[in-house]
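Okay, so here's the structure we're looking at.
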Amino acid sequence: MHVKLYSSLLVVFLTGAVWTQSIRTMDDEDPYDWSYYNFECPQECFCPPSFPNALYCDNKELKEIPPIPPRIRYLYLQNNLIETVTEKAFVNATQLKWINLNKNKITSSGIEKGVFSNLKSLLYLFLEDNELSEVPAPLPTSLEQLRLARNKITTVPEGVFSNMENLTMLDLHQNKLMDSTFSSTTFQGLNSLMQLNIAQNSLTQMPPILPANVMQLFLDNNSIEAIPENYFDTMIKLIFLRLNNNKLTDEGLPTKVFNISSLLDLQLSYNALTRIPAISVHLEHLHLDNNKINSVNGTQICPIPIPGDYVYERNLPRLRYLRLDGNEIKPPIPFDLMLCFRLLQAVVI
Ligand SMILES: *[C@@H]1O[C@H](CO)[C@@H](O)[C@H](O)[C@H]1NC(C)=O
Ligand SMILES: *[C@@H]1O[C@H](CO)[C@@H](O)[C@H](O)[C@H]1NC(C)=O
Ligand SMILES: *[C@@H]1O[C@H](CO)[C@@H](O)[C@H](O)[C@H]1NC(C)=O
Ligand SMILES: *[C@@H]1O[C@H](CO)[C@@H](O)[C@H](O)[C@H]1NC(C)=O
Ligand SMILES: *[C@@H]1O[C@H](CO)[C@@H](O)[C@H](O)[C@H]1NC(C)=O
C-alpha cells in the first residue's frame, strides 16, 4: 500500500518536471522570446525586461526625444530639457497609449503639427510645466486625459476639442487664459468630460457653456465677478464646484444659482460675499470663509422650512461641514442654524 502511493506521487512529480522542461525548450526557440530579451532600447533610456512596453527616459537631461521603438505603449520623458517634439521620433511608435512630457522646455512652435494626432491609440498626454503658449493641435480623438497645467497658454485653437468624445479630464490650471480665449463652442463635443480645471488663470467671467457630464469644476484663483442666471442648469451631474479666490459679490450671484441638486461640495472662500447664498438640501460641504458675511440667519438659509422635532433623517438638509471663519460674524452660532442643519458635524466660525 505504502509503496504504491509513494511511486504514484513520484510519477506525478516526474511528469511535472518533464513538462516544465519542454516549455523551457520551446521558449528558447521562440523568436518572440528572443526579442523579448534583446529588444532595441535607446541608449539614453531604461527598458525594464519585465515591462517591455514601457520606456523610461525621465530625469536624464535629454535635449531631444530619442527614436521610440514600435512596441512602446508607455513613454516616460518627464524632467528633461526637451524643447521640441518631432514626428521623426514617433514615426514607428503607433501603439503609444501614454506620454509623460511633464517638466520640460517644450514651446508651442517646437511641436511638429500632427505629431500627436498620428498616435491613434493615445489615451494620456501629459505636458505640464512646459512653455506652451497654445493648446497643441490637432490632437488624437482617442485621448482620455490631457494635462497642460503650469504653461503659458493664452490660446485654444478653434475646434481642438470638438471630436474628443472620450476625454474625461482636462487640466489647464495655472496658465494665462482670458475670457477672450474661449468661444461659445470651445468645450462642445466633450461629451465624456468629468473633470475640468481652469484654476489660476485670468478669467473675469465663467467659461462658455460646459458639457453636461462635468462632475468637478475648478475655477479657483481667477477674477470672476459674476455667474450668469441658469448657468448650471444643464450641468446635471456637477458634484464639486470650486470658486475660491475670485471676486464674486452678492450682486453677481443670481438668487438660486447654487441651488444645484447634484452638488455636494461648494467652495466660495476668499470672495466678497456679504450674504450666504441659497443652497440645495443635498449639499454636504460649504466653504464660505474669508468673505464679508456679517450675519447668519438660519431660518433664511435653511433650504427647507426649519424642521420640527419629529422628522425623518432622510428629509433633513445634508450639510455636514460649514466654514464661516474670516468673516464678520460674531459667535455664538445662531440656534436656528443648528435646528436646520441637524447633521452638521463641524462649523468653523
Ligand atoms: C522606423 O522603422 C523603420 C523600419 O523598421 C526603420 O528603418 C526606421 O529606422 C525606424 N525609425 C525610427 C525613428 O525608429
Ligand atoms: C472611445 O472609447 C470607445 C470605448 O472604448 C471606443 O470604442 C471609441 O473608438 C473611442 N473613440 C475614439 C474617438 O477613439
Ligand atoms: C490660489 O492662490 C493662493 C494664494 O496665492 C494659493 O495659496 C492657492 O494654492 C491657490 N489655489 C489654487 C487652487 O490655485
Ligand atoms: C431648489 O431647487 C429645488 C428643486 O430642484 C426646489 O424644490 C427648491 O424650492 C429650490 N430652492 C430654492 C431656495 O429656490
Ligand atoms: C431670520 O429670518 C426670519 C425669516 O426671514 C425672520 O423672521 C427672523 O426674525 C430672522 N431672525 C433674526 C435673528 O434676525
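Per mature numbering (1 follows the signal peptide of the UniProt record, and there is no 0), the sequence shown runs over residues -20 to -1, 1 to 329. Note that the Cβ used here is the ideal one computed from N, Cα and C, for glycine as well. Since we're looking at a predicted model, the values are computed, not measured.
Answer yes or no: do N177 and L152 have a C-beta to C-beta separation smaller than 8 Å?
-> yes
So, using beta-carbon positions, are L102 and L128 closer together than 8 Å?
-> no
So, is residue 335 buried or exposed, given that buried needs 16 or more other C-beta atoms within 10 angstroms?
-> Not covered by the structure: residue 335. The range shown for the chain is -20 to 329.
Where do the N-terminal and C-terminal ends of the alpha helix (DSSP H) with A73 fall, by residue?
-> First-last for A73: undefined, no H or E at that position.
Contact set for L244: own chain, Cβ-Cβ below 6 Å, skip 5 residues either direction = I219 and E264
For Q58, which residues from the same chain have a beta carbon less than 7 Å from its beta carbon, with the 5 sequence-adjacent residues on both sides left out?
-> Result list for Q58: D38, N80, L81, N82 and K83, in chain order.
Apart from the five residues on each side of it in sequence, which residues of its chain come closer than 8 Å, Cβ to Cβ, to N224?
-> D200, N201, Q247, L248, S249, Y250, N251 and H267
Cutoff 8 Å; reference V276; Cβ partners in own chain excluding five residues on either side | I256, L304, I309, I313, P314 and L317
Do we get a CB-CB distance below 8 Å when we pair P46 with the residues of chain D?
-> Looking for chain D here will not work: only one protein chain is present.
Contact check, N110 vs N143, beta carbons under 8 Å = no
CB of K236 within 8 Å of CB of A206, strictly | Cβ distance not < 8 Å, so K236 and A206 don't count as in contact.
Count the C-beta pairs between the stretch 87 to 94 and the stretch 113 to 128 that are closer than 8 Å, then say yes if the count reaches three, no if not.
-> Result yes; three or more Cβ-Cβ pairs closer than 8 Å.
In the stretch 189 to 238, which residue ranges form an unbroken alpha helix (DSSP H) of at least 4 residues, counting only runs that do not cross its ends?
-> none
Anyone know if the C-beta pair for N193 and L173 falls short of 8 Å?
-> yes
Alpha carbon to alpha carbon, how far is L323 from R298? Give it in angstroms, no decimals.
-> 6 Å
Report all residues from its chain with a CB closer than 6 Å to the CB of Q154; omit the five preceding and five following residues, and keep chain order.
-> A129, R130 and Q180
Per DSSP, which residues does E111 bridge with? Please list them.
-> T87.
Is any heavy atom of ligand 5 found at a distance shorter than 7 Å from the C-beta of T235?
-> no
Regarding S122 and ligand 2, is the C-beta to nearest heavy atom distance less than 7 Å?
-> yes
In its own chain, which residues sit with a C-beta less than 6 Å from the C-beta of P234, not counting the 5 before and 5 after it?
-> E209
Could you spell out where the beta strand (DSSP E) holding M149 opens and where it closes?
-> For M149, the enclosing beta strand (DSSP E) has its first and last residue at M149 to D151.
Strand pairing of T135, partner residues [DSSP] = E114
Near I281, what residues of its chain come up, given a Cβ to Cβ distance below 8 Å and the 5 sequence neighbours on each side ignored?
-> I256, A258, I259, L317 and C320
Taking the C-alpha atoms as reference points, what is the distance between Y36 and N60?
-> 12 Å
Buried/exposed call for P191, threshold 16 Cβ in 10 Å = buried
Among G139, T134 and K156, which has the Cα closest to the Cα of P120?
-> G139
How is the alpha helix (DSSP H) around L319 delimited, first residue to last?
-> F315 to C320
Straight-line gap, Q185 to Y104 (C-alpha atoms, nearest Å) = 29 Å
D305 - DSSP class collapsed to helix/strand/coil = coil
Looking at N226 and ligand 3, is the gap between the Cβ and the nearest heavy atom below 7 Å?
-> no
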